[in-house]
Amino acid sequence: MFSIDEKQLKPTEVGTKRIAPVPVPVENRNDISTDVQKIMEKHPVRLKRRKKEVQEKKSYFKGVINKKGIEKVMRIKDYDEMNQVFIMRDDTYVNIFRLDSYNLVDISDAALDEMIADYHKYIKATHSPIKYVTMRFPFNAQEQIEYWKEKYYKSNDPIDHFFIGKTIERLEEMEDNTTDIEYYIFIYGETLQDYVENEKTMKNQLNKSVRVMDIPFNKKRTILFKLHNLNSKVINIQS
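Everything in the sequence shown is counted per our numbering, starting at 2 for the first residue and increasing by one.
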């Protein structure tokens, strides 16, 4: 496959000795094409099949990418404002709740055992599908900021204004640069009555150990947006 052109080799004089250059192998393109041709002659069926598979794959994906919009991908079709629950395309129901988090490092063993026992009771009591979602959201300090702003305007002391202003600046900086890990639970129901019963069972059982919190519609919509657009950035939610 490789050959050396001996005509291009010229000796070099170093002092009184004549040193010939080191021969460098030159790739012969004709040999390579000959080898490929031999392989094609030996395995014609395999190469034709591979070429056909590539063509079929290109034709399958041609025009398919980004063809469906988000409204066709999502299984949710509507939102029942009266009952504050989403309606699926198959006319089933689903809703999203937030689960409060605990510091498992500082919690006592007795309290932890009680939380686990309550969760086992809930799993045994419910027969409907549930889903847990963990998601990062920007840190929301609007309540604290509004509180300190009210303090700022009520005070006439310049010293208070200085320290309160520094506190507000730190909170705003945390909102821009900090994220919180939030935990959500999705509750389903075949009918509206089934969903109401499943929600009641969930709150009665889990609220003994884990606080279940309702979330506003704007936050639910943002959660669904993030689930269907994983690479998109989520802005702060004014709940």
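Yeah, the Cβ is synthetic: ideal placement off N, Cα and C, and Gly gets one too.
Own chain residues within Cβ distance below 7 angstroms of residue i, not counting five before or after
{"i": "Arg-90", "result": "Arg-76 and Lys-78"}
{"i": "His-162", "result": "Tyr-153 and Ser-156"}
{"i": "Val-1", "result": "There is no way to answer for residue 1, as the model of the chain reaches only from 2 to 240."}
{"i": "Lys-209", "result": "Asp-119"}
{"i": "Lys-204", "result": "Val-213"}
Burial state of residue i, where buried means 16 or more other Cβ atoms lie within 10 Å
{"i": "Asn-96", "result": "buried"}
{"i": "Ile-169", "result": "buried"}
{"i": "Tyr-154", "result": "exposed"}
{"i": "Gln-206", "result": "buried"}
{"i": "Thr-223", "result": "buried"}
{"i": "Met-83", "result": "exposed"}
{"i": "Ala-118", "result": "exposed"}
{"i": "Ala-256", "result": "Any answer about residue 256 is impossible in this case: the structure gives the chain only from 2 up to 240."}
{"i": "Ser-4", "result": "Legend: pLDDT at Ser-4 = 46, less than 50; position of this residue unreliable, no value from coordinates given."}
{"i": "Ile-160", "result": "exposed"}
{"i": "Ile-124", "result": "exposed"}
{"i": "Leu-231", "result": "exposed"}
{"i": "Lys-221", "result": "buried"}
{"i": "Glu-7", "result": "Reliability fails at Glu-7, whose pLDDT of 49 lies under 50, so the model's placement of it is uncertain and the value that follows must be treated cautiously. It counts as exposed."}
Proximal residues to residue i (C-beta, below 6 angstroms), its chain only, five neighbours per side dropped
{"i": "Val-134", "result": "Tyr-185"}
{"i": "Thr-179", "result": "Phe-140"}
{"i": "Phe-87", "result": "Ile-77, Tyr-80 and Val-95"}
{"i": "Glu-200", "result": "Ile-188"}
{"i": "Lys-150", "result": "none"}
Cβ neighbours of residue i in the same chain (closer than 8 angstroms, five flanking residues each side left out)
{"i": "Ile-182", "result": "Ser-102, Thr-135, Met-136 and Arg-137"}
{"i": "Lys-122", "result": "Gln-206"}
{"i": "Leu-172", "result": "Ala-142, Gln-145, Ile-146 and Trp-149"}
Residues that residue i bridges to, as DSSP identifies them
{"i": "Glu-183", "result": "Met-136"}
{"i": "Leu-100", "result": "Tyr-184 and Val-213"}
{"i": "Val-95", "result": "Phe-87 and Tyr-189"}
{"i": "Ile-146", "result": "Answer is none; Ile-146 lacks a bridge partner."}
{"i": "Asp-79", "result": "Ile-88"}
{"i": "Ile-131", "result": "Ile-188"}
> Should the region 143-153 be called in touch with the region 115-134, which here means at least 3 C-beta pairs below 8 angstroms?
Replying inline: no
> Okay, do the region 92-110 and the region 208-216 touch, 3+ Cβ pairs below 8 angstroms being the bar?
Replying inline: yes
> Would you call the region 174-190 and the region 106-122 touching, i.e. three or more CB-CB distances under 8 angstroms?
Replying inline: no
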